[in-house]
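Visitor: Residue numbers (our numbering): 6 to 133.
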Amino acid sequence: MKKFKLKPVLLALGLSVFSQMATAVLTSDRAVVKNDGSERVIAKVSFPTPVTGDLYVATQVGGQFLFLTNGGNEFTTDVVPLVSNSEYVGEHVLFDFSGAGIAPGRYPLYQVVTQPGTDPLDFTKECA
6 MKKFKLKPVL
16 LALGLSVFSQ
26 MATAVLTSDR
36 AVVKNDGSER
46 VIAKVSFPTP
56 VTGDLYVATQ
66 VGGQFLFLTN
76 GGNEFTTDVV
86 PLVSNSEYVG
96 EHVLFDFSGA
106 GIAPGRYPLY
116 QVVTQPGTDP
126 LDFTKECA
């Protein structure tokens, strides 16, 4: 007979319920992009149910977060939302730019919608 510890089970159930409340899928059409300008880097996010708040998109380079800003055309080290206080439903293009000159490497993408005006790096507050 297996014995389950109550805390991990409750945590798993809590995360499951939380993730069903506001889900989004971040995608890109390719994992490898040539940096000679012949291909584009495109990322999209899809919200199957409406979510309202501030939309943040970031990547990590050399251990530092870079946040997407200016309509998806620039990255900054400042913690700023890509879009503030909006409702998101369906598919949205986050960015679409040429791969020309991008240094070879791995660039993970992170996307989160927070309550308007909250810091996405402050994990003591609720995120949507």
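Think of the CB as a built atom: it goes at the ideal place given N, C-alpha and C, for glycine as much as any other residue.
So what does DSSP say about residue 95, is it helix, strand or coil?
Guide: Strand.
Visitor: With 16 other CB atoms within 10 Å as the buried threshold, where does residue 59 fall?
Guide: Residue 59 should be labelled buried.
Visitor: Comparing alpha-carbon positions, which option in 96, 66, 80 lies nearest residue 110?
Guide: Minimum Cα distance to residue 110 is reached at 66.
Visitor: Tell me the rounded alpha-carbon separation between residue 104 and residue 72.
Guide: If you take the alpha carbons of residue 104 and residue 72, they lie about 18 Å apart.
Visitor: Can you tell me which of the three DSSP states residue 90 falls into?
Guide: If DSSP states are grouped into helix, strand and coil, residue 90 belongs with the strands.
Visitor: Look at the alpha carbon of residue 49 and the alpha carbon of residue 98, and state the distance between them as a whole number of angstroms.
Guide: Cα to Cα, the separation comes out at about 4 Å.
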